Amino acid sequence: MSNGERRGDGAAEDFAEGAHTAEEAAERAATDAERVRRLAEARNVGEVLRPALELGGEFADLEGAVNRSPVARGVASGMRAASSAIGAVSEGIHAYETLRERAAEQEREARRLPPVEWHFESAGTHRPWRMRRAEVREGLSRVTVTELELTCEHADADPALLLGRDATFSLTRDGRSRRVQGVVSRVEALGVRDHKAHARVTLVPALWALSQRRDSRVFEGKTVEQVVRAVVEEALRPYRRRVRFAIQRALPVREHCVQYRESDLEFVERLLAEEGLGYLIAEGEAHEEVVFFDGPQAFTGFDGPDGRRIAVTDEEHDTHRHESLRRFEAASALTSTSAVAMDYDWTNPSLRVVHENRSADPAGVDREVYVHPAAVIFDRYDAGDHAYERNDVAHRATLEAQRHLQRARTFTGEGSVTALRPGMLFRLEGHRVEAMEQEYLVTEVRHRCAAAEETRDGHREGAEEPYRNEVTCVPSTVSVRPELRHRRARIHGPQTARVVSAGGDEVETEHYGRVRVRFHWERDGRSPEDAQRAWVRVAQAWAGNGFGFVFVPRKDMEVVVQFIDGDPDRPLITGGVYNGTHPPPYDLERPEAVTRSVIRTQSTPGGDPAHYNELSFQDQSGREEVFLRAERDLREEVLHDHATHVHAAQSNTVDASQTERIGVDQSVRVQRDRKGVIDRDDQLLVRRDREAKVLGDDTQGVVGEHRVRIDGREERVVSGKGRDTTIETKDELTVNGISYTHVRDGYTVMSDASIGLMAPSVQLDAANVFQIVRGGDTPARPGKPAGREASVTFDPDGMKVESVLKVRIECGGSTVVLLPDGTVTVTGSKSIKATCGQSSMELKPSEVIVRGGTIKLNP
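FYI, in our numbering the residues of the sequence shown are 42 to 900.
Quick look at the structure:
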């Protein structure tokens, strides 16, 4: 075989081999291209990528097979195979490029955050409303406000049905959900567009309803927690909401706490801020929950894929897989660094109620704020010591300093963390400034949401970012205190109130003369006699250390109340006014009454206008007077001299007894006559001497009896014309000792009847003659005896009894009768005895006994 033949045979073999190889490669390429196309339609990048790479290798094999066949173009089967392979390669290359682009897009999507899904539901309507836009503004100690733009597929849907209904707006991303619960407080219909109803609604927590309640009322003897609980629970009861208190500090009791023309929300937020308490709106099972707190015990930690950590990512190249902050920056400001609080404790005026809380900025500069009065709460009044035992001035100064310091350095950020809410703690990481990587407390968050517009042909379009938020934080080490956004109402003018009594007594007071009052605007239904009402101080015209005026207002009086520094919590009674039930003491429509100035009290209890004490002044010309009336007793005490000068007449009338006590001397001078009438008895006790001198006549007349008792000696000297004493009835003289009468001349006792002497013994002494004579009709005169019928004469010779009449001596049953004719009769009912020496004679009714040495009968 020649070389040419051998070359021809080789070429033919090469051609056949190349054609066969090309045909196999083309078949494999067509098969793999179809598989790649199907996988590409499934958009599964992981499954498409491997066969696409295999298809690329087969393209290379096909190209090599064709190149190894220099005569392939001359063979028809080779040409068909090559043509089919080239078409398959072209399709494969196009599918491969498409898959590469989709794979890259899916890889980017896999690294991006899942989209936020939102949902709005309300009990107000059965027709669903979808969100277009939403903005949620929430903060510590602030009411959350959510503004929503909604659409409904039903053009006739009435958004007004949502008003006042419970509603929930939820945000969900990557299986995590955040709910904003509340009540629809406002609805605005925006008309119909694209066959859909559009509306704008406002969603707020039920606590917002307190802003629609305005009241004036008084709370007494309660802590702020008790007051807030009473106000909030009453307002939230129709909404079936719960409140929770996470307060650790023991709060002081406020004696007098006033809500005056404030909304309930303003009042509650003010009280909380004054005590350094905050509140937050927490997500509940069915409804939102209000949590009141005084420290971090109420805060919650962020719970993300990395625990509490939240990363800061590049703002321009945000490819982070999890929610993050794109921006987080600090802001610093010069604020006050120190606070001085001062107040006044009226129960302990010498005590300095002041406290300083001092610090300085990094440059060492101190900027002080001085708060006075600092609304200090004085607590635990001791009724025994009449003083407060405790005050919170130190707490007031600390709160004021903390409010300023928390504004000195704040932090703001922007990102996509849907779970952030006020009261949440998180730790920042990945910040370019390492010092910023610390734990923070979220104080405010603003969420913005936007859904893509859906057009009539079903396409969704929209240029707004679907979700972002702005957050404000402080370091977790900072004590967060709510700002005093609501100052206390000020009552700059006086008001009037009615005095009340806890026990119903007309006068009820305590050590300082304070009373309880009820303002006319109070309407809380409590009894005016509520014992819990606080005592209110009463201003007096003069008040010193144990001296001054004291007029205690009484039950039902209308008093004028002013407020120290305009503070409703510090009332002060400054006066009283008359009204329809309490008129003035005089009818001022009478001319004589308008010129009278009066201080009149009233007897109590009983409150009878007829019983009163009074000091009044009549200034009417010609009728001027000072009138003093004591309903019962009038007491005067003068520690030195007391002078009274009455230029005209003076009249004293005492209807009952009068007692005078003079410690030293008394001098009375009546320049003319003095007359006195004592309708009953007159008693006078002179403990020492008494001397009365009458320069003229002295006449005494005693209608009844006249008794004189002299414990010592009585001496009377009549040096003038003698003494005449006439006793018109009987005269009795009793001398317990010896009675001695010395008459220098004669002494005659005369009686028109009889004269008797009665004594255990009577002794009559006469230096010469003592004679007792019964005269006749001729009365006796000194030196001239009367006519003698009987007489007893005592003279130096003895005693002689003479009588011209019968003399009878009787003793019991014994008598002796002497007759002028010489007859002597001796009579004894038992016996008659005569004795002489040893001789005796005894006569008895039945016998006669004679005894003697010698008895002679008819001698």
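C-beta: ideal position from N, C-alpha, C; glycine also.
Keep in mind it's a predicted model, so treat the numbers as computed, not measured.
In the DSSP annotation of this structure, the continuous segment of the beta strand (DSSP E) that includes His297 starts and ends at Arg295 to Ser304.
The residue from Ser218, Trp576, His652 and Leu440 with its alpha-carbon nearest to that of Arg462 is Ser218. One alpha carbon belongs to Tyr781, the other to Thr864, and they sit about 42 Å apart. Closest option to Gly262, judged by alpha-carbon separation, among Tyr320, Ala372, Asn693 and Ala575: Ala575. By alpha-carbon distance to Met840, the top candidate from Leu805, Glu630 and Pro507 is Leu805. Beyond the five residues adjoining it in sequence on each side, Val845 comes within less than 8 Å, by CB distance, of Arg829, Glu830, Ala831 and Pro861 in the same chain, given in chain order.
In the DSSP assignment, His488 falls outside any alpha helix (DSSP H) and lies within the beta strand (DSSP E) extending over Glu480 to Ala491. Ranked by Cα distance from Asp347, the first of Met465, Val803, Leu469 and Leu859 is Leu469.
Under the DSSP assignment, Pro632 falls outside any beta strand (DSSP E), being part of the alpha helix (DSSP H) whose first and last residues are Pro632 to Val635. Taken in chain order, no unbroken stretch of alpha helix (DSSP H) lies wholly in the region 553 to 583 with a span of 4 residues or more.
By the C-beta density criterion, Arg408 is exposed, having fewer than 16 other C-beta atoms within 10 angstroms. Residues of the same chain with a CB within less than 7 Å of the CB of Asp256, apart from the 5 flanking positions on each side, are Gln300 and Asp305 in chain order.
The Cβ-Cβ distance between Ser870 and Gly854 falls below 8 Å. A straight line joining the alpha-carbon of Val284 with that of Val331 spans about 5 Å. Between Ala424 and Ser391, the alpha-carbon positions lie close to 19 Å from each other. Residue burial annotation: Asn510 is buried, with at least 16 other C-beta atoms found within 10 angstroms of its C-beta. Rounded to the nearest angstrom, the Cβ distance from Phe343 to Met465 is 5 Å, consistent with a contact under 8 Å.
Relative to the Cα of Ile719, the nearest Cα in the group Asp696, Ser252, Arg713 and Gln712 belongs to Asp696.
Looking from the CA of Arg754, the closest CA among Asn777, Leu189, Arg258 and Arg721 belongs to Asn777.
For Ile640, same chain residues with a beta-carbon under 8 Å away, outside a window of 5 residues either side, are Glu655, Leu656 and Ser657 in chain order. Within the DSSP bridge table, the entry for Pro612 names Phe604 as partners.
Contact between the region 615 to 629 and the region 587 to 601 is present, with at least three C-beta pairs closer than 8 Å. Nearest to Asn432 by alpha-carbon distance, out of Ala416, Leu440, Gln443 and Gln447, is Ala416. Contact holds between the region 244 to 256 and the region 303 to 317, because three or more Cβ pairs, one in each stretch, are under 8 Å apart. In the DSSP assignment, Ala382 falls within the unbroken beta strand (DSSP E) covering Ser379 to Asp384. The beta carbon of Val558 is closer than 6 Å to those of Ala538, Val540 and Val577 in its chain, skipping five residues each way along the sequence.
Secondary structure at Leu140: helix, using DSSP grouped into helix, strand and coil.
Close CB contacts of Val412 within its chain, under the 8 Å cut and outside five residues either way in sequence, are with Ala380, Val381, Ala382, Met383, Arg437, Ala438 and Glu441 (chain order).
In this structure, Leu318 lies away from Val245, with their beta-carbon atoms at least 8 Å apart.
Separation of Trp562 and Ala580 (C-alpha to C-alpha, rounded to the nearest whole angstrom) is 22 Å.
The beta carbons of Val269 and Leu312 sit about 6 Å from each other, so the pair counts as a contact at 8 Å. Arg278 places its beta carbon 8 Å or farther from that of His328. A check of alpha carbon separations from Arg522 across Pro625, Ser698 and Pro337 identifies Pro337 as the nearest.
Under the 8 Å Cβ criterion, the region 231 to 244 counts as touching the region 197 to 204, having at least three qualifying pairs.
Looking at the DSSP output, Ala314 bridges to nothing. Remark: C-beta atoms of His445 and Val410 approach each other more closely than 8 Å.
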